[in-house]
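Quick mapping for you: the protein sequence lines, in order, are chains C and D. Every position in the first sequence, counted from 1, becomes a number in the working numbering once 614 is added. Every position in the second sequence, counted from 1, becomes a number in the working numbering once 455 is added. Structure first, commentary second.
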Amino acid sequence: MKSLVIIEHKNGVLHRMSREAISGAQKIGGDITALVIGENAESISSELSNFKIEKTIIVNHELVPYYNVDGYKEIIKQVVNTISPDIIITGHTYQARDFMPRISAALDIPFIPDIVELEDSIYIKQVLNSKLNASISSSSDRVLISFQSASFSEEDVIKGSSSSESFDVDLDSSSIKSKSDDPFQESASEVDLESAELIVSVGRGIEKEENKSIAFELAEVIGAEVSASRPVVDAGWLPSSRQVGSSGSTVSPKLYLSLGVSGAIQHVVGMKGSKNILAINKDSDAPIFEIADYAVVGDLLEIVPKLIATLKDS
Amino acid sequence: MKIAVLVKQVVGSESSLDISPDNKWIDESNATFVMNPPDSYAIEEAMNIKEKIGEGEVVIVSMGADSVQKVIREALSKGADRGIHVQTDGTAFIDPLNTAKNIVSALDGENFDLILSGLQSDDTGMGQTGVLVGELLNMSTATLAIETDIDSEHIRVKRELESGWFQWVRLESPASISIQSGINQPRYPSLKGIMGAKKKEIKVVPLSFHETKQQVEKISIPQKSKETEIINTDIDSSVKRIVEILKSEVKVF
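Okay, structure coming up:
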């Protein structure tokens with residue numbers, strides 16, 4: 615078994631889900647090659663040299679200094695055609711969702727995305743709003759897969775040492791059909807959720823914008839950051855920099871204390887790696903309770919003020 | 456501008472989900488079907504682009520059993536011009552690559568300037584058909600567009616990245632773009648639209664590719680991986696227990 619893990623990085627930092635992808639590739643076994651593309655590829659590859667993999671391939675081409683879907687497609691196509699991996703792996707990030715289907719169509723290799731579990735050559739993904747699991751097999755010699763966040767733990771990556779080599783690609787500027795401007799944030803980031811130890815998260819269940827003050831007060835008492843689910847951000851109650859989920863941050867704090875978060879899959883993928891999940895929700899059927907360690911059924915607007923008062927007294 | 460919108464009919468979020476006797480999907484005879492919710496944003500965006508430019512055509516493309524004509528009609532009643540139904544018997548699982556090849560074949564001779572699709576389907580959640588079709592037709596592609604700036608001269612989309620980041624991307628025409636949910640407010644059909652939709656054309660095209668490389672082997676109910684302590688009592692006891700958890704079990708202080 616030969617696998618190729620496509621690495622994602624930003625500003626010289628390796629994406630957490632790329633580490634998880636390596637961990638998943640190690641579970642599958644066989645020879646693992648990592649592919650790093652772009653102008654920061656060298657520094658990323660030095661981090662990868664501490665992992666138990668076969669080697670890292672570096673592609674640093676002037677036409678693709680940073681992510682571009684057309685450039686990635688051309689580069690990955692050439693690497694795949696050269697090293698002939700059986701399985702091509704990434705984390706199921708927004709970037710992977712952008713380029714993996716292009717590779718799939720260009721090389722006629724099926725892409726099975728958002729996998730939560732592996733069983734030999736069976737790939738398990740959630741279907742029907744994550745209410746059921748589908749076990750999917752592939753009859754192709756090669757397959758493209760992406761792992762859902764936290765399906766494998768970055769802490770389980772087996773350390774070792776590996777070498778890196780550069781790989782020359784043949785790229786023509788006419789193959790780059792889309793031009794990307796620099797990424798930007800709508801509002802200056804006021805928080806760093808991804809390194810927060812404790813998080814109090816606000817969902818639609820807080821009902822009114824002014825009720826967010828109780829979340830901030832609770833967060834202050836226990837020393838937590840405040841995050842939000844998408845509906846709260848879409849309503850304009852909190853900035854997008856505080857959003858957790860597939861379109862926001864992915865977090866894994868010691869405690870994720872959610873207030874009125876229903877637990878839609880788009881939110882859950884961003885927080886299910888938390889060490890402890892305490893959810894407060896009125897609805898005893900809320901999906902968040904499926905993944906909670908502590909499921910508090912009740913009205914947060916009554917419980918939280920009392921909780922704050924009790925914590926302050928003690 | 457000629458715009459195609461890829462639309463799927465899916466099992467509704469409120470539908471019953473009984474696993475079928477062969478364990479390979481759900482028993483669809485007890486299920487209710489709806490237009491895939493993310494696709495309604497793609498339809499609305501296509502209508503907005505056509506209205507902004509002032510001319511053009513919006514064509515709804517859907518693959519599936521005859522029942523998918525219902526979602527095509529729904530889109531036509533919102534103002535789309537015509538439909539293309541890629542017809543299956545609805546019994547077998549068709550993987551995304553095979554779906555895309557059949558759609559490409561059904562679009563032969565159409566030469567769309569723009570193909571829009573929803574972010575992903577609520578049933579299988581493969582999230583790739585629009586991009587696959589784009590690549591097969593040698594179009595430029597972009598995903599997760601949260602804003603579009605498109606006229607007859609240029610195609611620009613604002614892509615949603617992760618952690619609150621965004622990026623504008625300029626695409627060569629023709630382009631296939633997947634639309635992030637929430638980009639707009641999908642319109643409701645008007646009575647006049649509903650009446651008018653009945654007269655609009657839906658072209659039925661048979662499948663031309665049958666080889667599927669992905670197979671669903673089994674459908675199962677997810678196993679809970681952890682024990683959940685349910686705290687469902689009066690407020691004072693709940694608060695007492697939460698304090699205990701925070702102090703002694705999670706040790707936040």
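Just so it is clear, CB atoms sit at the ideal spot from N, CA and C, and this is done for glycine as well.
DSSP on residue i, reduced to helix/strand/coil?
i       : result
P661(D) : strand
I636(C) : helix
E916(C) : helix
G877(C) : coil
I573(D) : Note that residue 573(D) corresponds to Gly in the displayed sequence, not to Ile. Three-state result, G573(D): strand.
G685(C) : helix
R528(D) : helix
L472(D) : coil
G645(D) : A small correction: the amino acid at residue 645(D) is Ser; Gly does not occupy that position in the sequence shown. Coil.
L592(D) : coil
S855(C) : helix
F713(C) : helix
N890(C) : strand
E731(C) : strand
V865(C) : coil
K457(D) : strand
E684(D) : strand
F621(D) : strand
E904(C) : helix
A810(C) : coil
R696(D) : helix
N825(C) : helix
Can you pull the chain D neighbours of residue i, defined as C-beta to C-beta under 9 Å?
i       : result
Q848(C) : With the sequence shown as reference, residue 848(C) is identified as Asp, and Gln is not the correct amino acid for it. Correct list: G637.
S658(C) : It should be noted that the sequence gives Ile, not Ser, for residue 658(C). Here the premise fails: no neighbours, minimum Cβ distance about 17 Å.
L812(C) : V705, V707
Could you work out which residue in the options is closest to residue i when comparing CA atoms only?
i       : options                            : result
G862(C) : I891(C), I697(C), S815(C), Y908(C) : S815(C)
R818(C) : E834(C), S827(C), S843(C)          : S843(C)
E510(D) : G651(D), N485(D), D606(D), K613(D) : D606(D)
E668(C) : L852(C), G643(C), I690(C), S760(C) : G643(C)
N593(D) : S471(D), D578(D), D568(D)          : D568(D)
E768(C) : D806(C), S657(C), L662(C), S735(C) : L662(C)
H706(C) : Y686(C), V730(C), P724(C)          : V730(C)
S735(C) : Q678(D), A459(D), E672(D), M456(D) : E672(D)
Y643(D) : K533(D), N485(D), I508(D)          : K533(D)
P797(C) : Y680(C), M885(C), S632(C)          : Y680(C)
I813(C) : K822(C), E800(C), A720(C), F830(C) : F830(C)
I612(D) : W620(D), G619(D), S618(D), I601(D) : Reading off the sequence, residue 612(D) comes out as Val, not Ile. Among W620(D), G619(D), S618(D), I601(D), the Cα nearest to that of V612(D) belongs to I601(D).
S633(D) : Q575(D), N687(D), H665(D), T579(D) : Q575(D)
S718(C) : I701(C), E733(C), Y708(C)          : I701(C)
Q678(D) : Q740(C), S637(C), R756(C), I672(C) : Q740(C)
S744(C) : E676(C), K822(C), S751(C), A878(C) : A878(C)
Q583(D) : G467(D), S631(D), E699(D)          : S631(D)
S617(C) : K624(C), N625(C), E634(C), A639(C) : A639(C)
I638(D) : I686(D), R614(D), S645(D), V513(D) : R614(D)
Quick one: list the residues of chain D neighbouring residue i, beta-carbon separation under 7 Å, in chain order.
i       : result
R716(C) : V586, E590, T596
E904(C) : K679
N890(C) : V705
I736(C) : E672
S754(C) : K668
I want to verify the contact list: residues of chain A whose CB lies under 7 Å from the CB of residue i, in sequence order.
i       : result
M581(D) : Here the protein chains are C and D, and chain A is not one of them.
So which residues on chain C does residue i lean against when the C-beta distance must stay under 9 Å?
i       : result
G619(D) : Q799, E800, S801, S803, V847, P853, S854, S855, R856, Q857, S861, G862, S863
At 8 Å on the CB atoms, spell out the chain D contacts of residue i, in chain order.
i       : result
K791(C) : S595, L626, E627
L746(C) : L472, I474, I481, I674, S675, I676, P677
Q740(C) : G580, P677
L925(C) : V698, L701
Kindly list, in the order they appear in chain C, the residues whose Cβ is closer than 7 Å to that of residue i.
i       : result
S468(D) : N743
D414(D) : This structure leaves residue 414(D) out entirely; chain D is present only between 456 and 708.
A555(D) : A719
L701(D) : I836
Taking buried to mean at least 16 other C-beta atoms within 10 Å of its own C-beta, is residue i buried or exposed?
i       : result
A849(C) : exposed
D712(C) : buried
M456(D) : buried
K463(D) : buried
F708(D) : exposed
T696(C) : exposed
K658(D) : exposed
Q640(D) : exposed
If the cut-off is 9 Å on Cβ atoms, which residues from the region 512 to 537 of chain D count as contacting chain C, listed in chain order? none
Cβ-based contacts, 7 Å cut-off: residues of the region 849 to 879 of chain C near chain D: S854, S855, Q857, S861, G862, S863, K868, L869
So if I threshold CB-CB distances at 7 Å, which residues from the region 665 to 699 of chain D count as touching chain C? For the region 665 to 699 of chain D, which is checked against every Cβ of chain C, the residues closer than 7 Å are K668, Q669, Q670, V671, E672, K673, I674, S675, I676, P677, K679, K681, T683, E684, I685, I686, N687, I690, S693, V694, I697, V698.
Closer than 7 Å, Cβ to any Cβ of chain D: which residues of the region 910 to 923 of chain C, in chain order? V910, V911, G912, E916, I917, K920, L921
Below 8 Å between beta carbons is the criterion; list the residues of the region 670 to 699 of chain C that meet it against any residue of chain D, in chain order. Those would be V683, D684, K687, in chain order.
With 7 Å as the limit, tell me which residues of the region 698 to 713 of chain C have their beta carbon closer than that to any beta carbon of chain D; keep them in chain order. Taking 7 Å as the Cβ-Cβ cut-off against chain D, the residues of the region 698 to 713 of chain C that qualify are T707, Y708, R711, D712.
What are the residues of the region 815 to 842 of chain C that lie near chain D, defined by any Cβ-Cβ distance shorter than 9 Å? I836, G837, A838
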